[in-house]
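FYI, the numbering for the sequence shown is 2 to 114, going by the working numbering.
All C-beta atoms in this analysis are idealised placements derived from N, C-alpha and C, irrespective of residue type, glycine included.
Take a look at the structure set out below.
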Amino acid sequence: KVDVRYTLKKKPYVAVLDSSSNYYILARYLNMSGYKIGTHYRVMSKEEANTLNAGVCVSICVEPHFVGPFDAARTPLSFVEAMHKFVNSGGNFLAECGGMWTYENFYTNYKLN
């Protein structure tokens, strides 16, 4: 038996980040679980994800797979800084697969304030 701590009354609004063109991985799972794009989730472009802040109205941001190649305009550090601000302002974040490595390593290596 599993202890149920919380029962959600409605679906959280999800931002699927498209930092490295892999949004379809999580979009497919969301679609299979009854989420509808535009109603329950949206895909955030590379430009939107790179400037994420507390003013974005989403319940959680998810990063399905964020790996290189990186360039001067799209460095991991700029995405990590944006996510750091979002999470510290009360936002929720889930990184999967290559996204975990990228966010954990660039945070550790650059020690954001």
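Kindly give me the distance between the Cβ atoms of residue i and residue j, rounded to whole angstroms, as I take these residues to be in contact under 8 Å.
i	j	result
VAL15	ILE61	6 Å
PHE67	SER34	In fact, because the Cβ distance is near 22 Å, the residues do not count as touching under 8 Å.
GLU105	GLU64	At roughly 12 Å, the Cβ-Cβ gap does not stay under 8 Å, so GLU105 and GLU64 are not in contact.
TYR24	VAL17	5 Å
Could you tell me which of the options sits nearest to residue i, measuring between CA atoms?
i	options	result
PHE87	GLY100, PRO65, THR103 and THR52	THR52
PRO13	LYS37, SER46, GLY100 and ASN54	LYS37
LEU78	LEU31, ALA50, ARG29 and LEU9	ALA50
VAL57	PHE107, THR103, PHE94 and LYS10	PHE94
Determine the extent of the beta strand (DSSP E) in which residue i is found, giving its start and end residues.
i	result
ARG61	Per the sequence presented here, residue 61 reads as Ile, with Arg not at that position. Per DSSP, ILE61 belongs to the beta strand (DSSP E) from 61-64.
Which residues in the same chain have their Cβ closer than 7 Å to the Cβ of residue i, if we skip the five residues on either side of it in sequence?
i	result
GLY100	GLU64, PRO65, HIS66 and PHE67
ILE26	PRO65 and HIS66
Sort out for me which residues DSSP pairs residue i with in a bridge.
i	result
PHE94	CYS62
Alpha helix (DSSP H) containing residue i: first to last residue?
i	result
ARG29	25-33
LEU78	77-89
LYS37	Looking at the DSSP string, LYS37 is not in any alpha helix (DSSP H), and its letter there is neither H nor E.
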